[in-house]
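Below: one structure, written as structure tokens.
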Amino acid sequence: MDLYETLKIVAPGTPLREGLDNIINARIGALIVLGNTKEVLDIVHGGFYINCEYTPSNIYELAKMDGAIILSTDLKRIIYANSQLLPCHHIHSKETGTRHKTAERVAKQTNTLVISISQKREIITLYKGNYKYILKDINEILNRTNQGVQTMEKYRKALDQVISTLTLSEFQNSTTLYDVVKAIQKMEMVLRIGREIDIYISELGTEGRLFNMQVIELKEGVEEDCINLVRDYVKNGNENYTSIYNRFGSLSANELLDLNQIANLLGYDDGLRTLDIKVKPKGYRILNKIPRIPNYVIENIINSFDSFQHIINASVDQMDQVEGVGQIRSINIVEGLKRYKEQFS
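Numbered according to our numbering, the sequence shown spans residues 71 to 415.
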């Protein structure tokens with residue numbers, strides 16, 4: 071279970087979050103373990119075996135007792151209440167409070183989601199494995215999400231301009247490596263902003279539906295375009311294009327600003343002249359813009375022609391000679407390439 075899925079479980083509008091909010095509003099603390107796995111039950115001592123239906127009111131009433139509450143893995147039942155948890159005391163914890171220290175150790179030992187609610191600070195903290203996440207005030211999340219979406223819109227607009235320049239240069243056979251790495255940089259920035267907003271949206275729950283629709287629209291096609299750009303321009307064949315694409319995601323924020331570093335990942339290194347290198351696409355990105363062309367047909371087209379220029383200048387009869395294309399698809403491809411080129415002329 072990753073952070074996104076975890077936040078969805080405790081997002082506003084869920085039964086669990088309603089129960090947590092009731093506990094917060096009553097200004098009482100709580101320690102809640104989400105899962106009755108063997109690893110969890112082995113460290114549960116004492117308390118009451120409840121095994122009742124989970125409801126927000128039930129968990130609120132049981133939280134009035136000091137001990138831990140154990141929920142079933144499907145979150146439908148409350149198994150134990152007022153229990154003592156005895157995780158291994160050798161597990162390192164950075165927490166100072168007894169409740170939070172226990173929560174962190176239980177999460178690390180059992181790899182189960184553990185929720186600790188601070189009575190004094192009225193804060194909900196999530197622990198799962200080695201990560202810790204403090205739930206933020208919903209108004210703060212709404213503001214951050216709104217700012218994030220506005221930023222993403224600006225970056226998407228800048229990306230669209232860069233892509234237009236790149237596409238025009240590809241049709242005109244005048245692409246430089248700078249055009250390519252600039253587009254990859256902008257794509258990665260848009261995707262990173264989207265991933266950050268996704269965390270906020272997960273935490274917003276039902277309140278984040280409209281934001282989610284905006285982000286989906288702003289991210290549409292970006293990842294696919296970025297992968298195909300790597301396939302188009304990676305220097306030493308396209309066998310490792312997926313791993314190269316993944317390495318872009320591993321770049322730090324400062325490294326991503328260095329266009330030469332992106333160029334190096336693609337296999338180019340010519341010193342100060344690297345970004346001025348003339349490059350030619352194989353055709354993956356643009357051919358994927360034409361609807362209903364299977365991947366194997368795109369591969370056959372690229373392998374059948376010497377260059378992208380030959381592909382875009384091919385006649386219907388020449389395209390028909392490619393294995394798997396056929397007469398009808400040949401017309402669609404030739405006409406589709408012409409229409410796509412006209413959008414950038």
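The beta carbon of each residue, even a glycine, is placed where N, CA and C say it ideally should be.
Assign residue i to buried or exposed, taking buried as 16 or more other Cβ atoms, counted over all protein chains shown, within 10 Å of its Cβ.
i	result
Arg97	exposed
Thr180	buried
Asn95	exposed
Lys134	exposed
His279	Per the sequence shown, residue 279 should be read as Arg rather than His. Looking at its Cβ environment, which holds fewer than 16 other Cβ atoms inside 10 Å, Arg279 is exposed.
Tyr366	exposed
Cys296	buried
Lys198	buried
Ser415	exposed
Lys256	buried
Glu287	exposed
Asp249	buried
Tyr497	Look at the range of the chain in this structure, 71 to 415, and you will see that residue 497 is not part of it.
Pro351	buried
Taking residue i as the reference, which of the options has the closest Cα?
i	options	result
Ile204	Ser153, Leu77, Ile254	Leu77
Asn306	Asn334, Glu294, Asn316, Leu321	Asn334
Gly291	Ile233, Gly319, Cys158, Asp328	Ile233
Phe378	Leu407, Gly199, Thr125, Thr276	Leu407
Thr172	Lys190, Ile113, Ala133	Ile113
Tyr354	Glu240, Ile263, Ala384	Glu240
Lys289	Gly275, Arg301, His170, Leu261	Leu261
Ala138	Ser127, Pro126, His170, Glu294	His170
Ile401	Gln331, Asp328, Val386	Val386
Pro364	Gln331, Lys352, Arg399	Arg399
Asn209	Thr107, Leu156, Asn370, Tyr270	Tyr270
Ala100	Val80, Tyr130, Pro126	Tyr130
Ile194	Asn316, Glu88, Asn128	Glu88
Arg191	Lys350, Asp207, Leu86, Lys178	Asp207
Ser127	Ile93, Val103, Cys158	Ile93
Lys148	Ser163, Arg175, Thr166, Ile120	Reading off the sequence, residue 148 comes out as Ile, not Lys. Closest option to Ile148, Cα to Cα, is Ile120.
Gly394	Asn370, Ala151, Gln413, Val404	Asn370
Leu196	Asn152, Thr237, Glu273, Leu111	Glu273
Leu155	Val304, Phe118, Thr235, Leu342	Phe118
Tyr124	His160, Leu86, Ile161, Pro351	Leu86
His115	Leu145, Val80, Ser153	Ser153
In chain order, what residues of the same chain have a beta carbon less than 7 Å from the beta carbon of residue i, not counting five sequence neighbours either side?
i	result
Ile347	Thr246, Leu247, Tyr338, Asp340
Ile254	Cys296, Leu299, Phe318, Ile332
Once the 5 residues before and after residue i are set aside, which same chain residues still bring their CB inside 6 Å of it?
i	result
Asn243	Gln379
Met47	A query on residue 47 cannot be resolved here, the shown segment of the chain reaching from 71 to 415 and no further.
Tyr410	Lys359
Using a Cβ-Cβ cut-off of 8 Å (strictly less than) and excluding sequence neighbours within five positions of residue i, which residues of its own chain qualify?
i	result
Ile267	Thr215, Gly218, Val219, Met222, Phe281, Val285
Thr107	Thr143, Thr180, Thr182
Gly83	Gly275, Thr276, Glu277
Glu165	Lys171, Ala173, Glu174
Is any beta-carbon of chain D found at less than 7 Å from that of residue i?
i	result
Gly319	Protein chains in the displayed structure number just one, and chain D is not present.
Assuming the contact rule is C-beta atoms closer than 8 Å, residue i and residue j should be a hit. Round their C-beta distance to whole Å, please.
i	j	result
Lys252	Leu336	The pair is not a contact, with the Cβ atoms about 12 Å apart (cut-off 8 Å).
Ile140	Val103	5 Å
Ser163	Arg175	6 Å
| 3-residue-minimum beta strand (DSSP E) runs that sit fully inside the stretch 109-186, ordered along the chain | Within the stretch 109-186, the complete beta strand (DSSP E) segments of 3 residues or longer fall at 118-123, 138-141, 147-155, listed in chain order.
| Residue ranges of each beta strand (DSSP E) within the stretch 200-274, 3 or longer | Those beta strand (DSSP E) runs which fall completely within the stretch 200-274 and span 3+ residues are 201-204.
| task | Write down every uninterrupted run of the alpha helix (DSSP H) in the stretch 307-340 whose length is 4 residues or greater and which is fully enclosed by it, in chain order. | result | Runs of the alpha helix (DSSP H) inside the stretch 307-340: 311-320, 323-326, 329-335.
| request: Can you check the stretch 383-407 for any alpha helix (DSSP H) of at least 4 residues that lies completely inside it and give the ranges in chain order? | output: Listed in chain order, they are 386-390.
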